[in-house]
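UniProt numbering applies: residue 1 is where the sequence shown begins, and numbers increase by one. Even for Gly, the Cβ is constructed at its ideal location relative to N, Cα and C. All figures in this text were calculated on a predicted structure; none of them were measured in a lab. Comments concern the structure below.
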Amino acid sequence: MDLSSFNSFLKTAQIVGTCIANPLNLFLIYLIWTKSPKKIGNYKYLMIYVSFYEILFSVIAYVTEPLLHSFSTRVIVIVKAKGSIFSREICSILDCLMCAMYGSSMNVFALHFLYRYVSLFPKAKKVLFDGMKIIFWLMIPQIYGVVWLVTYYVVFRETPEYTEFIRKDILEHLDIDVDDVVYVGPYYYMEDKDGVHDLDWTAFWSMAIVWFLILSSAVTVFICGYGCYMKITRGLATSSNSIQTKSIQNQLFYALVIQSAIPFLLMYIPSSIALFCTLIQQNIGSASLFISYSIAIYPVVDPLPSLFIVRNYRKAITEMIRYVTSCGKVKPSTRQSSMQIATVRNKLNS
């Protein structure tokens, strides 16, 4: 594996990804705020919440430049400390924060699916989400993120023993001196300098917390997603809602499905496989590097479903494109009038 080419391409992907993702998400925020259907209600705040989340995610990913590598008993997230503008301790905290945002982002989409499902029942929606109640729900992903952050910072940070154990491996496979980086990574087994594996019960129960956070979000997504699909395809067809309301419900649901499928396919499934492999002590090695690329491109791709599936946003984009392409063009009638005025002026001057 050519590590110099890999690192160069990854760095380029992170820079380009950040430069595209942030303006794209800011543009989506503008459309959500100004062009959303009135019947969308508090859901627009959830959509804006996701866009701001992805902006922050891309910035932290750009600052940390996370690199994932798998061992038989641990998947570590490596962040370069040497040459960084931050101290080694701050780099370690940023590494944990990157992992926390990565993990809690699933809960953000779970909250979206819950809202979409509850919104199909107006009375329940009024009780749970109307007015200032939305603030409570917006705090849940933050709570998940804090639990991720504390768990990783307290339990899964680098240790002198494990640092010595991986020193040779990451130098050979990644061409990285372990003293130049910080790392954090979940594990079940602690390895001594001779590679002997002993189950670490503190780490085991900490991983149980991590898996609860992952599975609770995933189960919410699948249950509410299935409920939305059944209600939209069957219930709305016979409901008394207006055609416009039904159309909005369909657009928002399918945009959310595609928007959620992107991180599931790019990040959550690969990372879950990597975490499970550490439990059964299977080393997937450099295959885990794929997740580093997915982190770079996820904030770029994720806003696209909302931009092109929701009709109001798609229409606004089309109008903007038409306006831009028509700028500088003089209408035939205007050109003809200008020529007539010029002719009259010539006659007067002669």
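| query | result |
| --- | --- |
| How far does the beta strand (DSSP E) with S92 in it reach, from first residue to last? | No beta strand (DSSP E) holds S92; the alpha helix (DSSP H) holding it covers R88 to V118. |
| What span of residues does the beta strand (DSSP E) with K80 cover, start to end? | V75 to K80 |
| What residue range does the beta strand (DSSP E) around V181 cover? | V181 to V184 |
| Locate the beta strand (DSSP E) running through S70, then write down its first and last residues. | L67 to S70 |
| CA-CA distance, R157 and E54? | 25 Å |
| Measuring straight from C-alpha to C-alpha, what distance separates I223 and L111? | 12 Å |
| For D177, name the three-state secondary structure that DSSP assigns. | coil |
| Could you pull out every residue in the same chain whose Cβ sits closer than 8 Å to the Cβ of V108, ignoring the five residues on either side in sequence? | Y49, V50, Y53 and P141 |
| Assuming E54 is part of the alpha helix (DSSP H), what are its boundary residues? | Y43 to T64 |
| Within the continuous alpha helix (DSSP H) that includes V154, where are the two ends? | K133 to V155 |
| Indicate the three-state DSSP secondary structure (helix, strand or coil) for Y298 in the structure shown. | helix |
| Indicate the three-state DSSP secondary structure (helix, strand or coil) for D198 in the structure shown. | strand |
| Can you give me the C-alpha to C-alpha distance between P303 and M132, rounded to a whole angstrom? | 26 Å |
| Once the 5 residues before and after C228 are set aside, which same chain residues still bring their CB inside 6 Å of it? | R116, Y117 and F253 |
| Of the residues H69, I262 and I60, which one's Cα is nearest the Cα of C277? | H69 |
| Between the stretch 13–30 and the stretch 290–306, do at least 3 Cβ pairs fall closer than 8 Å? | yes |
| Could you have a look at Y187 and say whether DSSP puts it in helix, strand or coil? | strand |
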